[in-house]
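Peer 1:
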Amino acid sequence: MKESYLLGAFLTMLAATWLPRMLPLLLVRKRIDNVLFRSFLFYVPYAVLAAMTIPAIFYSTSLIESAAAGLAVALLLGWRGKSLLVVALGASLAVFIVEQLAGVIF
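Residue numbers (this note's numbering): 1083 to 1188.
1) Using beta-carbon positions only, say whether alanine 1176 and alanine 1138 come within less than 7 Å of one another.
2) Is it right to say alanine 1173 is buried, meaning 16 or more other beta carbons lie within 10 angstroms of its own, or is it exposed?
3) Name the two residues that bound the continuous alpha helix (DSSP H) containing isoleucine 1146.
4) Exposed or buried, which one is leucine 1101 when buried takes at least 16 other CB atoms within 10 Å?
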């Protein structure tokens, strides 16, 4: 590969990842007092996590029903305050059961 291509790729990755993280730190020096903006910033990590995981859940199984069952069980267990291991195992078990039932029925 040419060195100019690697340098261009590096600078592109720098602009796409580092700048959006560092510019707010450089531009905003004082404490943010706006309640609406602070509440928006509080929920951003949850929204990003949901946007990354929900599509992966539905593309990871062969049946949409099993994915929906696993998501429902994970949401229920998470809502009840269970640990991450319990949530993951419960969702996986729900997907397994629905997949097995679908194999028997069809």
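Beta carbons are placed, not taken as given, at the ideal position from N, Cα and C, and that holds for glycine.
Peer 2: This is what the structure holds:
1) Residue 1176 sits at position 94 when you count from the first residue of the sequence shown. Residue 1138 sits at position 56 when you count from the first residue of the sequence shown. In this structure, alanine 1138 does not lie closer than 7 Å to alanine 1176 by Cβ.
2) Position 91 of the sequence shown, counted from the start, is the residue given in the question as residue 1173. With 16 or more other Cβ atoms within 10 Å, it is buried.
3) Along the sequence shown, read from residue 1 onward, the residue named residue 1146 stands at position 64. Its alpha helix (DSSP H) spans residues 1146-1161.
4) Start at 1 with the first residue of the sequence shown, and residue 1101 comes out as number 19. Exposed is the call here.
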